[in-house]
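There are 2 protein chains.
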Amino acid sequence: MKNDAVLAIVGATGLVGSEMQNVLNDLKLKFKDIKLLASENSVGELYEINGESYEVKLLTEDAFNGVDIALFGTKNELSEKFVKVASEKGVICIDNSSAFRMNEDVPLVVPEVNFDAIKSGQKIIANPNCSTIQMIPVLDAIEKEAGLERVVVSTYQSVSGAGKNALDELWSQTLAIFNQKEIEVESFLHQIAFNLIPQIDMIEEDGYSKEEYKMINETRKILNLPDLKITATCVRVPVFFSHAESINVQTKKEITPQRLIEILSKKEGIVVNDNVYEYPMPIDTAGENEIFVGRIRKDYSVPYGLNLWVVSDNIRKGAALNAVQIMQKL
Amino acid sequence: MKNDAVLAIVGATGLVGSEMQNVLNDLKLKFKDIKLLASENSVGELYEINGESYEVKLLTEDAFNGVDIALFGTKNELSEKFVKVASEKGVICIDNSSAFRMNEDVPLVVPEVNFDAIKSGQKIIANPNCSTIQMIPVLDAIEKEAGLERVVVSTYQSVSGAGKNALDELWSQTLAIFNQKEIEVESFLHQIAFNLIPQIDMIEEDGYSKEEYKMINETRKILNLPDLKITATCVRVPVFFSHAESINVQTKKEITPQRLIEILSKKEGIVVNDNVYEYPMPIDTAGENEIFVGRIRKDYSVPYGLNLWVVSDNIRKGAALNAVQIMQKL
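For the protein sequence lines, the chains are Z and G, in the order given.
Quick note on the working numbering: the first sequence kicks off at 274 and runs consecutively.
Quick note on the working numbering: the second sequence kicks off at 274 and runs consecutively.
So this is what it looks like as structure tokens:
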């Protein structure tokens with residue numbers, strides 16, 4: 274990306290949009306101009322990025338005039354509408370919603386794994402689901418070394434994946450319990466404080482949640498393994514930031530825990546934290562850029578199998594950072 | 274058990290011992306006498322069971338004189354010492370620690386599944402690990418219908434599994450975070466409030482935790498399937514009561530989700546809660562006697578596979594109730 278480009282951040286004041294601003298700051302990425310676009314509520318708010326002050330403007334069709342590239346941190350309905358509008362105006366759109374992810378014409382990208390899926394002239398690029406992103410570089414490394422035979426994943430997903438209000442809700446529900454007041458439930462279908470909710474996104478007819486299908490279908494698309502044997506169970510846990518995943522992998526050839534540690538340790542963006550009594554945890558990984566891997570163990574129940582524990586900040590690598598990394602590579 | 278028996282509850286004031294008292298109350302089980310035994314700290318405390326008042330006495334070798342049956346809610350070291358002493362005095366000992374579970378001469382019992390493992394004259398009977406107990410009746414039902422091919426389980430275990438102090442610690446750490454005070458860590462190796470700790474019990478040389486090996490080895494012993502293919506990942510979550518488990522099961526023959534629901538619904542002690550947007554959660558199952566099963570879905574990644582979500586009160590069915598159920602059947 275040349276420095277004389279005009280960038281738009283759409284949904285600039287939401288959890289993902291705010292983190293996109295943070296990532297631009299951290300990486301000291303400068304632009305000719307940055308347009309912060311949001312709904313009416315946020316119009317007029319001021320944000321500082323790399324020492325410059327920007328005022329939030331209303332998200333309209335005309336707001337994309339003159340924009341070169343846009344990062345969308347919006348939900349499906351807004352993305353569906355404005356990604357189309359913007360891309361037709363020639364803007365390169367990197368969209369974090371699930372609206373375009375499974376479109377055949379839209380590349381779904383974790384840049385360190387399948388950046389080559391982006392063809393020249395591509396206007397819409399989809400950012401994968403947070404719970405998908407953090408396991409992809411790890412699964413990709415295993416696929417290249419030993420071939421993936423089957424993947425069984427159970428997630429432990431933080432409330433920030435459901436947005437700003439969900440963060441507030443975990444906080445206020447916890448406080449209500451301390452003060453013996455009534456608990457208000459809005460962001461989730463049930464109380465999340467001191468509880469587990471084994472449902473993320475809607476439930477389909479066969480009992481799977483949409484989140485589980487996202488993990489299955491997006492992984493197959495990104496790794497270009499349309500027949501990959503993979504199943505998922507997605508669970509919300511009372512943690513503010515970072516998703517964790519217990520991943521069981523069967524491989525086609527043998528790969529020892531030692532060998533996997535060796536391979537992963539060399540990958541940029543992955544940190545292996547696998548010592549006795551040391552392993553990745555949400556409180557240590559929140560705000561970090563990397564994907565953290567630990568509890569790497571042989572699974573003795575199959576000829577070639579491994580158990581892994583993968584943790585990453587779902588708003589950062591799981592959303593904002595990945596989108597910015599795609600943009601940087603363009 | 275005849276009503277003229279003398280019962281001892283060992284570790285009577287701990288989390289499991291207290292729950293054993295509650296279960297006696299709830300089931301209205303009466304005895305000729307009940308001896309509440311504990312360490313010096315608790316001696317002299319008074320507890321009411323079924324309308325009678327009992328004073329806590331010091332746990333000594335002589336305290337077992339005249340006792341017919343003893344329920345042990347003690348940790349390994351105390352169980353190791355006093356189960357031996359008591360059983361040599363002819364007391365039937367039902368022990369909740371892991372000290373005797375894998376002894377060849379000691380039956381490890383979930384009464385609705387393998388009560389017949391208890392031979393006549395047996396003095397020591399082991400109560401399985403909480404995270405094992407709650408999946409056994411479900412796995413047993415699947416084994417009998419379709420044969421177990423392989424089990425992959427990831428746990429979400431509440432802090433009560435680590436005792437009374439651990440409950441206090443989740444509470445006080447959460448409060449400290451609200452008050453921006455320093456967090457004290459004692460019961461666990463790391464902060465548990467708003468965090469996940471992927472380690473329960475000590476870590477072995479190959480990277481597995483002892484808790485994970487308990488789930489693997491105890492399941493094989495109870496189901497009498499010494500070669501069962503099974504692997505586990507155990508994780509502590511910031512929840513007070515009830516363990517949850519994401520269980521992936523491959524079977525030898527086909528068993529549909531509908532058929533499994535039909536079978537499980539008929540089992541005493543199991544509640545199927547599997548409707549759209551309805552599933553078992555810790556806050557709903559705490560204090561309940563049953564094992565709750567939901568999110569039952571076909572796993573499309575293998576010819577015959579299922580994903581399940583199993584939740585149960587780890588102190589109740591996972592410990593105290595199971596021990597009392599063994600005693601009742603004797």
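Every residue gets a Cβ at the ideal spot worked out from N, C-alpha and C, and that includes glycine.
Note that the structure is predicted; figures quoted are calculated from it, not measured.
Query raised in the report: Beta-carbon separation of Asn468 (chain G) and Pro555 (chain Z) under 8 Å?
Result: The criterion of a C-beta distance shorter than 8 Å is satisfied by Asn468 (chain G) and Pro555 (chain Z).
Query raised in the report: How about Val379 (chain G) and Val364 (chain G): are their beta carbons less than 8 Å apart?
Result: Contact: no.
Report task. Mind listing the chain G neighbours of Asp572 (chain Z)? Cutoff is C-beta to C-beta under 7 Å, in chain order. Result -> Near Asp572 (chain Z) (Cβ distances below 7 Å), the residues of chain G are Thr504.
Report task. Determine, using beta carbons only, whether Met408 (chain Z) comes closer than 8 Å to chain G. Result -> For Met408 (chain Z), not one C-beta of chain G is nearer than 8 Å to its own C-beta.
Report task. Determine which residues of the segment 472 to 498 of chain Z have a Cβ less than 7 Å from any Cβ of chain G, and write them out in chain order. Result -> So the list reads Gln472, Ile476, Asp479, Gly480 and Tyr481, given in the order they occur along the chain.
Query raised in the report: Comparing the C-beta of Phe373 (chain G) with each C-beta of chain Z, is any distance below 8 Å?
Result: No, because no Cβ of chain Z sits closer than 8 Å to the Cβ of Phe373 (chain G).
Query raised in the report: If we cut at 8 Å on Cβ distances, does Ile588 (chain Z) have a partner in chain G?
Result: No, Ile588 (chain Z) lies away from the interface with chain G (no Cβ there is under 8 Å from its Cβ).
Requested in this report: Helix, strand or coil for Glu353 (chain Z), going by three-state DSSP, please let me know.
Outcome: DSSP places Glu353 (chain Z) in the helix class (H, G or I) of the three-state scheme.
**Report entry** Pair within 8 Å by beta-carbon distance, Leu310 (chain G) and Leu332 (chain G)
**Finding:** Their beta carbons are under 8 Å apart, which means Leu310 (chain G) touches Leu332 (chain G) by this criterion.
Query - Span of the alpha helix (DSSP H) around Val411 (chain G) - result: Its alpha helix (DSSP H) spans residues Ile409 to Ala419.
Query - Identified DSSP bridge partners for Asp306 (chain G) - result: Answer is G:Val279.
Query raised in the report: Could you give the distance in angstroms between the alpha-carbon of Gln430 (chain G) and the alpha-carbon of Asp586 (chain G)?
Result: Annotation: Gln430 (chain G) to Asp586 (chain G) spans about 10 Å, alpha carbon to alpha carbon.
Query raised in the report: Using a C-beta to C-beta distance shorter than 8 Å, which residues of chain Z count as neighbours of Leu462 (chain G)?
Result: Near Leu462 (chain G) (Cβ distances below 8 Å), the residues of chain Z are Tyr550.
Requested in this report: For Ala593 (chain Z), collect the residues of the same chain with a Cβ closer than 6 Å to its Cβ; drop the 5 residues on either side in sequence, then sort them by chain order.
Outcome: Annotation for Ala593 (chain Z): Val289, Glu292, Met293 and Val296 place their beta carbon closer than 6 Å to its own, counting only its chain and skipping 5 residues before and after.
Query raised in the report: In terms of DSSP beta bridges, what is Gln598 (chain G) paired with?
Result: Paired residue(s): none; Gln598 (chain G) is not in a bridge.
Query raised in the report: Taking only runs of the alpha helix (DSSP H) that begin and end inside the segment 512 to 542 of chain G, which ones reach a length of at least 4 residues, in chain order?
Result: Fully enclosed alpha helix (DSSP H) runs of no fewer than 4 residues occupy 530 to 538 of the segment 512 to 542 of chain G, in order along the chain.
Query - Length of the line joining the Cα atoms of Phe373 (chain G) and Gly287 (chain G) - result: Take the alpha-carbon of Phe373 (chain G) and the one of Gly287 (chain G): they are about 20 Å apart.
Requested in this report: Tell me whether Ser585 (chain Z) sits in a helix, a strand or coil according to DSSP, three-state version.
Outcome: Ser585 (chain Z) falls in the strand class under three-state DSSP.
Query raised in the report: Of all the CB atoms in chain G, is at least one closer than 8 Å to the CB of Ile415 (chain Z)?
Result: So no, Ile415 (chain Z) is outside the interface.
Query raised in the report: According to DSSP, is Thr506 (chain Z) helix, strand or coil?
Result: Assigned with DSSP and collapsed to three states, Thr506 (chain Z) falls in strand.
**Report entry** Pairwise C-alpha distance: Ser371 (chain Z) and Ser460 (chain Z)
**Finding:** Taking the CA atoms as reference points, Ser460 (chain Z) sits about 19 Å from Ser371 (chain Z).
Query raised in the report: What runs of the alpha helix (DSSP H), each 4 residues or longer, lie entirely inside the segment 415 to 451 of chain G?
Result: Secondary structure within the segment 415 to 451 of chain G: the alpha helix (DSSP H) runs of 4 or more consecutive residues, fully enclosed, are 437 to 451 (chain order).
**Report entry** For Leu351 (chain G) and Met274 (chain G), the rounded distance between their alpha carbons
**Finding:** Residue placement at Met274 (chain G) cannot be trusted, given a pLDDT of 46 that sits under 50; what the coordinates show is reported in the next sentence. Between the C-alpha atoms of Met274 (chain G) and Leu351 (chain G) there is a straight-line separation of about 25 Å.
Requested in this report: With 8 Å as the threshold, decide whether the Cβ of Met274 (chain G) is near any Cβ in chain Z.
Outcome: Below a pLDDT of 50, predicted positions are generally treated as unreliable, and Met274 (chain G), at 46, falls in that range; the measurement from the model is reported next regardless. For Met274 (chain G), the nearest beta carbon of chain Z is not closer than 8 Å to its own beta carbon.
Query raised in the report: Taking the Cβ atom as the reference point for each residue, do Glu484 (chain Z) and Ile473 (chain Z) lie within a distance shorter than 8 Å?
Result: A distance below 8 Å separates the beta carbons of Glu484 (chain Z) and Ile473 (chain Z).
**Report entry** Per-residue burial, Ile550 (chain Z) [other beta carbons within 10 Å of its own, 16 or more giving buried]
**Finding:** Here residue 550 (chain Z) turns out to be Tyr, not Ile, going by the sequence shown. It is exposed - the Cβ of Tyr550 (chain Z) has fewer than 16 other Cβ atoms within 10 Å.
Requested in this report: Label Asn376 (chain G) either buried or exposed according to how many other C-beta atoms from any shown protein chain fall within 10 Å of its C-beta, with 16 as the threshold for buried.
Outcome: Looking at its Cβ environment, which holds fewer than 16 other Cβ atoms inside 10 Å, Asn376 (chain G) is exposed.
Requested in this report: Give the secondary structure of Leu344 (chain Z) by DSSP, where H, G and I count as helix, E and B as strand, and everything else as coil.
Outcome: DSSP places Leu344 (chain Z) in strand when its eight states are reduced to three.
Query raised in the report: Between Glu328 (chain Z) and the rest of its own chain, which residues show a CB-CB distance below 6 Å, the 5 nearest in sequence each way excluded?
Result: Result list for Glu328 (chain Z): Leu319, in chain order.
Requested in this report: Would you be able to state if there are at least three C-beta pairs under 8 Å between the segment 415 to 423 of chain G and the segment 520 to 534 of chain G?
Outcome: Contact holds: three or more Cβ-Cβ distances are below 8 Å.
Query raised in the report: If we ignore side chains and look at the alpha-carbon of each, how far apart do Ile450 (chain G) and Leu448 (chain Z) end up?
Result: The alpha-carbon atoms of Ile450 (chain G) and Leu448 (chain Z) are separated by roughly 11 Å.
Query raised in the report: Across which residues does DSSP place Arg570 (chain Z) in a beta bridge pair?
Result: Beta-bridge pairing links Arg570 (chain Z) to Z:Asn580.
Query - Where Met274 (chain Z) sits in the DSSP three-state scheme - result: Note on Met274 (chain Z): pLDDT 45, under 50, position unreliable in the model; no value is reported.
Query raised in the report: If we count Cβ pairs, one from each stretch, closer than 8 Å, do we get three or more for the segment 434 to 444 of chain G versus the segment 517 to 529 of chain Z?
Result: Contact between the segment 434 to 444 of chain G and the segment 517 to 529 of chain Z is absent, because fewer than three Cβ pairs lie under 8 Å.
Query - Residues sharing a beta bridge with Tyr327 (chain Z), DSSP - result: Under DSSP, Tyr327 (chain Z) takes part in a beta bridge, and its partners are Z:Tyr320.
**Report entry** Run of the beta strand (DSSP E) containing Ile397 (chain G), from where it starts to where it stops
**Finding:** Per DSSP, Ile397 (chain G) belongs to the beta strand (DSSP E) from Ile397 to Ala399.
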